[in-house]
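Chains as they are written, first to last, in this note's numbering: chain A, 33 to 358; chain B, 33 to 358. Glycine included, C-beta positions come from ideal geometry on N, C-alpha and C. Values in this document were obtained by computation on a predicted structure and should not be read as measured data. Encoded as structure tokens, the structure appears first; notes follow it.
Protein chains: 2
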Amino acid sequence: MDKNKTVSPGSPQQVKRICSIGAGPIGAGWSAYFLAAGYEVNSYIHQASEEASLRALIDNAWISLTELGLAEAASLDKLKVTTDLITAVQDVDFVQESAPEDLSLKQTLFKQLGEILPPNIVIASSTSGLPMTDIQQSCATPERTVVGHPFNPPYLMPLVEIVKGNNSSQQAVDWLVAFYRHAGKAPLVLSREIPGFIATRLQEALWREALHMVENKEATVEEIDFAIVNGPGPRWAHLGPCMTFHIGGGEGGMAYNLDHFGPALKLPWTRLEAPELTQSLRDELVEGCDRQAAGRDYITLLRERDSGLVAVMKAIRECNDKASGL
Amino acid sequence: MDKNKTVSPGSPQQVKRICSIGAGPIGAGWSAYFLAAGYEVNSYIHQASEEASLRALIDNAWISLTELGLAEAASLDKLKVTTDLITAVQDVDFVQESAPEDLSLKQTLFKQLGEILPPNIVIASSTSGLPMTDIQQSCATPERTVVGHPFNPPYLMPLVEIVKGNNSSQQAVDWLVAFYRHAGKAPLVLSREIPGFIATRLQEALWREALHMVENKEATVEEIDFAIVNGPGPRWAHLGPCMTFHIGGGEGGMAYNLDHFGPALKLPWTRLEAPELTQSLRDELVEGCDRQAAGRDYITLLRERDSGLVAVMKAIRECNDKASGL
Numbered sequence: 033m034d035k036n037k038t039v040s041p042g043s044p045q046q047v048k049r050i051c052s053i054g055a056g057p058i059g060a061g062w063s064a065y066f067l068a069a070g071y072e073v074n075s076y077i078h079q080a081s082e083e084a085s086l087r088a089l090i091d092n093a094w095i096s097l098t099e100l101g102l103a104e105a106a107s108l109d110k111l112k113v114t115t116d117l118i119t120a121v122q123d124v125d126f127v128q129e130s131a132p133e134d135l136s137l138k139q140t141l142f143k144q145l146g147e148i149l150p151p152n153i154v155i156a157s158s159t160s161g162l163p164m165t166d167i168q169q170s171c172a173t174p175e176r177t178v179v180g181h182p183f184n185p186p187y188l189m190p191l192v193e194i195v196k197g198n199n200s201s202q203q204a205v206d207w208l209v210a211f212y213r214h215a216g217k218a219p220l221v222l223s224r225e226i227p228g229f230i231a232t233r234l235q236e237a238l239w240r241e242a243l244h245m246v247e248n249k250e251a252t253v254e255e256i257d258f259a260i261v262n263g264p265g266p267r268w269a270h271l272g273p274c275m276t277f278h279i280g281g282g283e284g285g286m287a288y289n290l291d292h293f294g295p296a297l298k299l300p301w302t303r304l305e306a307p308e309l310t311q312s313l314r315d316e317l318v319e320g321c322d323r324q325a326a327g328r329d330y331i332t333l334l335r336e337r338d339s340g341l342v343a344v345m346k347a348i349r350e351c352n353d354k355a356s357g358l
Numbered sequence: 033m034d035k036n037k038t039v040s041p042g043s044p045q046q047v048k049r050i051c052s053i054g055a056g057p058i059g060a061g062w063s064a065y066f067l068a069a070g071y072e073v074n075s076y077i078h079q080a081s082e083e084a085s086l087r088a089l090i091d092n093a094w095i096s097l098t099e100l101g102l103a104e105a106a107s108l109d110k111l112k113v114t115t116d117l118i119t120a121v122q123d124v125d126f127v128q129e130s131a132p133e134d135l136s137l138k139q140t141l142f143k144q145l146g147e148i149l150p151p152n153i154v155i156a157s158s159t160s161g162l163p164m165t166d167i168q169q170s171c172a173t174p175e176r177t178v179v180g181h182p183f184n185p186p187y188l189m190p191l192v193e194i195v196k197g198n199n200s201s202q203q204a205v206d207w208l209v210a211f212y213r214h215a216g217k218a219p220l221v222l223s224r225e226i227p228g229f230i231a232t233r234l235q236e237a238l239w240r241e242a243l244h245m246v247e248n249k250e251a252t253v254e255e256i257d258f259a260i261v262n263g264p265g266p267r268w269a270h271l272g273p274c275m276t277f278h279i280g281g282g283e284g285g286m287a288y289n290l291d292h293f294g295p296a297l298k299l300p301w302t303r304l305e306a307p308e309l310t311q312s313l314r315d316e317l318v319e320g321c322d323r324q325a326a327g328r329d330y331i332t333l334l335r336e337r338d339s340g341l342v343a344v345m346k347a348i349r350e351c352n353d354k355a356s357g358l
């Protein structure tokens, strides 16, 4: 039941011009990404002095975006840089806001955008932690405002987490999913506002364990990076943690894994205590992996995992060889 | 100060024959890896009935090992499979034990190995959690016993964590590092026995946060894998968590990152509480990243990061296209 005001944005496939707010790595990264996807981009920067570094960031991103493949219509000439917000949002079909992570600053910005932008234009915030419920508080048209949190660098990582605030409309979310997907991103809609969203929560758990380990002289900074790069990293890049354990469990999959390694959840293998491994939690994990396996048998999954790992590790090896001049 | 008995193994570069104990994915994975590196391998299995599945696992691993490049001397014909432990260790230069994770079983095995193996042959245990101090308890020659914990699949992931028990000698550790490195692995020596070693601790923190999220309906199994694969996964595969944040911090690096995002350590972005970000912890992280940067400036690091991410993501994209028959 959506009790919020509705919004009727245009077709997400027909977006032509985008306003990207912010001159930092996230704002510049989005600008570069949208340009590479063929859009016209109005980049709003706070001060004229930021233009040089904005353009340098975009030029750097362009190298990688070219390697990954530009859209036919892509051109750096489609970038306009301005310090005037009204000019920046003129005739745009979508706004991606990547201003500094300061709640009152974002609230002021969303109040202004609410006034100067036609009410059917969706506004996404790149915030990595502030709830949209707070950001949209002074906005007169909050129904079209949604979190669209990218992962750094936004011109390379596909993930964008989408989170509603209390006054966001479902139409804005649906529009944003369709738009990001059309633009080549991998949108992930959260069912509710949780601190850190999904990816950052998982990343942060690992990061905090790493900080504890450095603090307690259990591992150095170098050892932590070395362990991840040569151990779980490539598996996560290719499969994620759940499917890694599903395939690691052999023919028995996640069910075998949980039944076998369940007791390890009681061991002090991290400072984070595990939840009780109830039957329902176990079943949910098993079923989630089965859904992702989608009927592929064990040997097929095994071969796909191995091909993925070989490809990832070959790619990294070649990059490192190139970087070290081999 | 090493008060333990010393051990004088032969040259790690002159190992010819290896005994690999265990018919499961770890034991079979090691056997395949050592065969691909050109060694003769005596594979000890508990029951003759395990031979078929052992050989199937090795055959599967061989496909990937061939793609990564076999040693000139590599041959599947150098594999001998036996259920007799004395035959298995005959004339071997090294033993890699990957028996089931059962302490009393491993204690019995190490007692036997201690009796039948010449005292200068190093024995490594693949255990992912049992302390060598416990495993070596009934072994008459514990000084040559060390944990050598691989990451699954051991024929693909380079990491091997090396941990001494109370009665292990430093020579055995040094020998093992030199041997694994010669054999193409990425050894990581722990300064002391900590539960879960290094990589598993970090992996386990992420995994437990994931379990909590599923339990609390914050994310589904699919959403967790999707978030990691499209977000932090490729960065971890290429750089690890610390260098990812170092480069993400821009010109200011890890120092900027910690000074800027330090307050986020107090936020409930995971269920794991962070340590106090003291000046000394901050400095240790900054210095660790600077050591890894080894004089490369920001723009060089940025270009290397981007090349790595482009390569990893292209590799995964091609694999997924192949798997889905595109």
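- Going by DSSP, A:R49 is part of the beta strand (DSSP E) stretching over 49-53.
- Counting the other CB atoms within 10 Å of its CB gives A:T98 a total below 16, which places it among the exposed residues.
- In terms of CA proximity to A:A210, A:V154 leads the group A:V154, A:K249, A:T310, A:A259.
- DSSP, read as helix, strand or coil, puts B:H181 in strand.
- Not a single C-beta of chain A is nearer than 9 Å to the C-beta of B:F211.
- Put simply, the segment 208-223 of chain A does not touch the segment 190-200 of chain B. Fewer than three CB pairs are less than 8 Å apart.
- Legend: CB atoms of the segment 276-289 of chain B lying less than 7 Å from CB atoms of chain A belong to residues G280, G282.
- Straight-line measurement puts the Cα of A:E147 at about 17 Å from the Cα of A:Y76.
- Across the structure, B:L333 and A:E254 are spaced so that their CA atoms are roughly 16 Å apart.
- With a threshold of 9 Å between beta carbons, A:P163 makes no contact with chain B.
- Nearest CB-CB separation between B:S223 and chain A: below the 9 Å threshold.
- One alpha carbon belongs to A:Q202, the other to A:I118, and they sit about 27 Å apart.
- In terms of beta-carbon proximity, A:G54 stays away from the interface with chain B, with every pair separated by 9 Å or more.
- For B:I194, the pairing in a beta bridge is given by DSSP as B:G180, B:V221.
- The shortest CA-to-CA distance from A:C351 to any of B:A355, B:S356, B:R337, B:N352 is the one to B:R337.
- Going by beta carbons, B:D257 and B:M286 fall outside the 9 Å limit.
- The three-state reading of DSSP puts A:T310 in coil, since its state is none of H, G, I, E or B.
- At least one C-beta of chain B is nearer than 9 Å to the C-beta of A:S96.
- Residue environment analysis places A:N262 among the buried positions, since at least 16 neighbouring C-beta atoms fall within 10 angstroms of its C-beta.
- Setting aside the 5 residues that flank it on each side, A:I348 has no residue in the same chain whose C-beta is closer than 6 Å to its C-beta.
- Taking C-beta separations shorter than 6 Å and ignoring five residues to either side along the sequence, the partners of B:L145 in its chain run I155, following chain order.
- Straight across, the Cα-Cα distance linking A:F293 with B:L89 is about 21 Å.
- Within the same chain, I53, S157 come within 6 Å of B:E129 by CB-CB distance, once the 5 residues on both sides are set aside.
- A:E236 is classed as buried because its beta carbon has at least 16 other beta carbons within 10 Å across all chains shown.
- CA-CA distance, B:R49 to B:P150, rounds to 14 Å.
- Residues of chain B with a Cβ closer than 9 Å to the Cβ of A:D338 are, in chain order, N92, A93, I95, S96, E99, P185, Y187, L188.
- The straight-line gap separating the alpha-carbon atoms of A:S312 and A:D291 is approximately 13 Å.
- Listed in chain order, the non-local C-beta contacts of B:S63 below 7 Å within the same chain comprise S52, V73, S75, I90, L111, local neighbours out to five positions each way being set aside.
- Pairing B:L188 with A:M345 gives a Cβ-Cβ distance under 9 Å.
- Going by DSSP, B:V39 is part of no alpha helix (DSSP H) at all; its letter is neither H nor E.
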